[in-house]
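*Asks:*
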Amino acid sequence: MKASSSDRLFLLGRRTALGGVAVLLLAAGFWSSWGTAQHVVLAKGREHGTLTVTRCSASSCTGSYDPDGPAGPRAGMTAERSVAVRKGERIPVVVKPDTHEVVRTGLGGQLHAWLPFGGALLLASPLIGAGLRMTRTAWVTGLAGLGVLVAVFLAL
């Protein structure tokens, strides 16, 4: 039985809408991650050093920052709170330009920065698989997102 033109139009509209939602999810996850990841990924030329955590609140940790090189230590630098950071711990960081904020570097920092994008990949996979009927792409997308989430859990 052939599909009528209204059925084909409905399917095209559904695929377009679900594809738009999936792209929006992925773009929002990437944009959310890039705000932090740019400082870790493009760290060349930025100020590097070590943060000694002195206190943590619900959303951030503060401590003294000891830069690599001849500059002296600075107090009052803040970093986004991570479950893996404890009082007294020393973590490698890079300073966000013109702020008192630092971002964790290394593998743990890179993975933590891309955590929102990993979640977006995982959330978009059912839309891609069920809505767009692209099952292989959905499996790859979902497994990539799950891989990022598991790697962050293991690294931090």
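Under the numbering used here, residue 157 is the last one in the sequence shown; the count climbs by one each step, no gaps. Ideal placement from N, C-alpha and C gives every residue a C-beta, glycine not left out.
On the three-state DSSP scale, how would you describe residue 106?
*Replies:* coil
*Asks:* In the DSSP assignment, find the alpha helix (DSSP H) that holds residue 120 and state where it starts and stops.
*Replies:* Where residue 120 is concerned, the enclosing alpha helix (DSSP H) starts and stops at 116–127.
*Asks:* In angstroms with no decimal places, state the Cα-to-Cα distance between residue 45 and residue 72.
*Replies:* 18 Å
*Asks:* Tell me the DSSP secondary structure of residue 82 in three-state form.
*Replies:* coil
*Asks:* Between the C-alpha atoms of residue 129 and residue 58, what's the straight-line distance to the nearest angstrom?
*Replies:* 38 Å
*Asks:* Tell me which residues share the same chain as residue 138 and place their Cβ nearer than 6 Å to its Cβ, disregarding the 5 neighbours each side in the sequence.
*Replies:* 129
*Asks:* What are the boundary residues of the beta strand (DSSP E) that residue 40 is part of?
*Replies:* From DSSP, residue 40 is part of no beta strand (DSSP E) but of the alpha helix (DSSP H) over 6–42.
*Asks:* Taking 8 Å as the threshold (C-beta atoms), are residue 30 and residue 122 in contact?
*Replies:* Contact flag set, yes.
*Asks:* Note down the Cα distance separating residue 104 from residue 66, rounded to an integer number of angstroms.
*Replies:* C-alpha separation (whole angstroms): 12 Å.
*Asks:* Let's see if you can read the secondary structure: which residues bound the alpha helix (DSSP H) around residue 73?
*Replies:* Counting along the chain, residue 73 falls outside any alpha helix (DSSP H), and DSSP gives it neither H nor E.
*Asks:* Between which two residues does the beta strand (DSSP E) containing residue 51 stretch?
*Replies:* Its beta strand (DSSP E) spans residues 49–57.
*Asks:* Between the C-alpha atoms of residue 27 and residue 3, what's the straight-line distance to the nearest angstrom?
*Replies:* 35 Å
*Asks:* Would you check if there are 3 or more beta carbon pairs closer than 8 Å linking the stretch 96–110 to the stretch 35–54?
*Replies:* yes
*Asks:* Take the Cβ of residue 113 as the centre, count every other Cβ of all protein chains shown within 10 Å, and call the residue buried at 16 or more, exposed below.
*Replies:* When all chains shown are included, residue 113 counts as buried.
*Asks:* Does the stretch 77–89 come close enough to the stretch 10–25 to have 3 or more Cβ pairs within less than 8 Å?
*Replies:* no
*Asks:* Looking only at its chain, what residues have a beta carbon closer than 7 Å to the beta carbon of residue 20, apart from the 5 residues adjacent to it on each side?
*Replies:* 133
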